[in-house]
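Everything on this sheet refers to the single structure shown next.
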Amino acid sequence: MTGLNQILQRARRSDRGAYWFILPYVIFFCAFVAYPLVFSLILVFHRWNIVTPMEWIGLKNFDRLIGDVLFYRSLLNTLTFLAIHIPLQVVVALALALLLNAGVRGRGLFRALYFLPVVVSGVAVTILWQQIYSYDYGILNNILHAAGLPPVPWLVDPRLAMPSIAIMATWKNVGIYIVLFLVGLQNIPRDLYEAANLDGASPFKQFRYVTLPMLNPTIVVIVVLSTIGGFSLFIEPYVLTGGGPMQSTLSGMLYIYNQAFSFGHMGYAATLGFVYALVILGVVVLQRRVIESEMSS
Amino acid sequence: MKSVLKYAVLVAGAVLFSYPFLWMLAGSLKPELEIASLNILSGNFSLQSYAQVLLKIPIARAFLNSIIVSAATTASVVFFGSMVGYALARLRFLGSKTLYTLILFTMTIPFQIVLIPQYILMVKLGWTDTYLALIAPTMMSAFGIILFRQFFMAIPQALIDAARIDGCSELMILFRIIWPLSRPVIITVALLTFMANWNEVLWPLMVVREQSLMTMPQIVTIFTTGGQAETQLGYLLAAATLLSLPVIIAYAFFQRYFIESMASSGLKG
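Just so you know, the sequences run in chain order A and B.
If you count by the working numbering, then the first sequence holds residues 1078 to 1374, one letter each, in order.
If you count by the working numbering, then the second sequence holds residues 5 to 273, one letter each, in order.
Have a look at this one:
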């Protein structure tokens, strides 16, 4: 009874009107967060194309997923993307941020130009890179030709297509991470470097033992954000390659989309989304652990 | 010597990130045969490709649709987000901790899991091929609420107390007293929301099939993948330029706000 009394008492001490402030969000939450979450748990046990009635099939969607070559292919493609995208992103962003942080003239202008691809729509960037990577008239192969080198089948060779997309995505997003690194660098207290100087630490050692550990939180943020972004990869392969050649750029998101909208397999698409969500959460938790223990050792 | 090298790298970076856009703009103005050239200038600039794009797809209408959808979403995210943020930061009510936890939890849900159920919800409500489908699911943002809450927590209590003694309602306090003090966070939330909506393609592709309701990136995507561009590079580049230009112009004027908003979002997210 005391518990109930306490609750009633707290309810009485509540500010008048507070509930009106949160009511719109509560309605929104129920409709667009809670309901879809619950519904996804129902969908994964059904076969459904939206038009005909839902059909309960137990765990068959999961059975199918375990034996689905394309699911593994899309997962592998996403991991390939991340394996190239994340290290490249961190190294390029950190290098440019360190240069910008070393007291250069025109810092604001450089920063603004590096950030430009971030604000432009991904579709426009993808159309642009389609021309950059084009085998016959692409900018890159034109440059190679001028240097007397043979053309490279950037998007045509299944081994190169995903790495090419990873490079393009890095070009598009690196500006965000330069800015994040700049904020991180400015938050490092000056006296840490002064102390390191007094101890006679070389610039490299200062970087290794002062700068890098102090940037640890920034690196965690960057790795996590790039990972979530990588798993959401959709429009780039959709426009550039349609998932080809030979499924080599079929991303997880593109595969879910195809299952739902090319084949009308809503239950299976929801199952894929469900499993991908678990994979993402697992990967992100793992990354945090690894980076944090790596940096503290 | 060292500083020369430093500037060489920085300038190379600047060229790497901005030259392709210049090439895109130039390519959209050049005749088909000259586009492949690395040289940006040409004696044969014309608006031919743009005329063709305008003829083939209702891109002006799509531009208007994008404005309507992004503006409505942004207004809603700022309005309702600041209300919830204020309640969480400054009002006492039963369940405030639960609500806060729930909102943090919402932010950790990967969107892949709710995407298909959300689409089905739109179908069931009969909202596909309406503005509602494009606006309603993004009308509020957990992230926006968290940003507002953080900012409002730092506002002095004395200010709020004084207003209460003067007989202001909580709603008046929020919009007359707190809002004018909250320009930075309002700009951040508004800009991030607007940008995210303006550039969104996946969701419109799912819920809109009717050409007159398509958003700008969506219609350009369909123009590119659907064969309407007839593999004419000039048409594609003109469409891409039309799509990028509004954002680049806004960025040229409010560059600082764009960068600061992104920076604060990344660190707190």
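From the three backbone atoms N, C-alpha and C, an ideal C-beta is built for every residue, glycine too.
Computed from a prediction, not measured in an experiment: that's the story for all the values here.
For residue j and residue i, the rounded distance between their alpha carbons
| i | j | result |
| --- | --- | --- |
| B:Lys6 | A:Leu1165 | 24 Å |
| A:Val1202 | B:Val224 | 12 Å |
| B:Tyr23 | B:Ala140 | 38 Å |
| A:Phe1139 | A:Val1110 | 23 Å |
| A:Pro1130 | A:Gly1344 | 12 Å |
| A:Tyr1096 | B:Phe83 | 16 Å |
| A:Ser1339 | A:Ile1127 | 13 Å |
| A:Gly1319 | A:Tyr1286 | 45 Å |
| B:Val127 | B:Ala158 | 43 Å |
| A:His1162 | B:Ile263 | 22 Å |
| B:Cys172 | B:Ile182 | 12 Å |
| A:Val1297 | A:Ile1253 | 14 Å |
| A:Asn1178 | B:Ala242 | 37 Å |
| A:Ser1279 | B:Ser268 | 33 Å |
| A:Tyr1214 | B:Thr235 | 13 Å |
| A:Leu1136 | A:Val1362 | 27 Å |
| A:Arg1267 | B:Gln122 | 50 Å |
| B:Phe156 | B:Gly89 | 7 Å |
| A:Ile1143 | A:Leu1331 | 18 Å |
| A:Gln1336 | A:Val1200 | 22 Å |
| A:Glu1369 | A:Val1197 | 33 Å |
| A:Leu1217 | A:Leu1355 | 38 Å |
| A:Gly1359 | B:Ser100 | 29 Å |
| B:Val73 | B:Ala166 | 39 Å |
| B:Thr229 | B:Leu240 | 10 Å |
Residue i burial status per 10 Å Cβ neighbour count (16 or more: buried)
| i | result |
| --- | --- |
| A:Gly1329 | buried |
| B:Val213 | Checking the sequence, you will find Arg at residue 213 of chain B rather than Val. Exposed. |
| A:Glu1271 | exposed |
| B:Thr102 | exposed |
| B:Phe227 | buried |
| B:Trp27 | buried |
| B:Lys272 | Summary for B:Lys272: the model assigns pLDDT 44, below 50, so the residue's position carries little reliability, and this model does not support an answer. |
| B:Phe49 | exposed |
| A:Arg1236 | exposed |
| A:Ile1084 | exposed |
| B:Lys34 | buried |
| A:Pro1227 | exposed |
| B:Met266 | buried |
| A:Asn1154 | buried |
Chain A within 8 Å of residue i, Cβ atoms only
| i | result |
| --- | --- |
| B:Val205 | yes |
| B:Ser74 | no |
| B:Val82 | no |
| B:Gly17 | yes |
| B:Gln56 | no |
| B:Ala12 | no |
| B:Gln161 | no |
| B:Pro24 | yes |
| B:Ile253 | no |
| B:Tyr90 | yes |
| B:Leu95 | yes |
| B:Trp131 | no |
| B:Leu247 | yes |
Test: residue i CB closer than 8 Å to a CB of chain B
| i | result |
| --- | --- |
| A:Asn1250 | no |
| A:Asn1219 | yes |
| A:Ala1130 | Ala is not the amino acid found at residue 1130 of chain A; the sequence shown has Pro there. It does not; no Cβ of chain B falls within 8 Å. |
| A:Ser1117 | yes |
| A:Arg1141 | no |
| A:Leu1190 | yes |
| A:Gln1208 | yes |
| A:Tyr1270 | no |
| A:Ile1368 | no |
| A:Met1330 | yes |
Beta-bridge partners of residue i, as assigned by DSSP
| i | result |
| --- | --- |
| A:His1123 | A:Trp1133 |
Chain C contact residues for residue i, given Cβ-Cβ distances below 8 Å
| i | result |
| --- | --- |
| B:Thr134 | Among the chains of the structure shown, chain C does not appear; the protein chains present are A and B. |
(request) Please confirm if the stretch 1151 to 1170 of chain A is in contact with the stretch 1301 to 1314 of chain A, defined as three or more CB-CB distances below 8 Å between the two stretches. (result) yes
The stretch 216 to 231 of chain B contacting the stretch 58 to 74 of chain B, beta-carbon criterion three pairs below 8 Å = With the cut-off at 8 Å, the stretch 216 to 231 of chain B and the stretch 58 to 74 of chain B touch.
At least three beta-carbon pairs within less than 8 Å, the stretch 173 to 189 of chain B to the stretch 109 to 116 of chain B: no
- prompt: Is the number of C-beta pairs between the stretch 1142 to 1149 of chain A and the stretch 141 to 150 of chain B that are closer than 8 Å three or more?
  reply: no
Query raised in the report: How do the stretch 112 to 129 of chain B and the stretch 1339 to 1356 of chain A stand: do at least 3 beta-carbon pairs fall below 8 Å, yes or no?
Result: yes
Next on the checklist: Quick test of the definition: if touching needs 3 or more C-beta pairs under 8 Å, does the stretch 1206 to 1218 of chain A touch the stretch 1114 to 1123 of chain A?
Outcome noted: no
- [ ] Determine contact between the stretch 1232 to 1241 of chain A and the stretch 1191 to 1201 of chain A, defined as no fewer than three beta-carbon pairs at a distance below 8 Å.
- [x] No, they do not touch.
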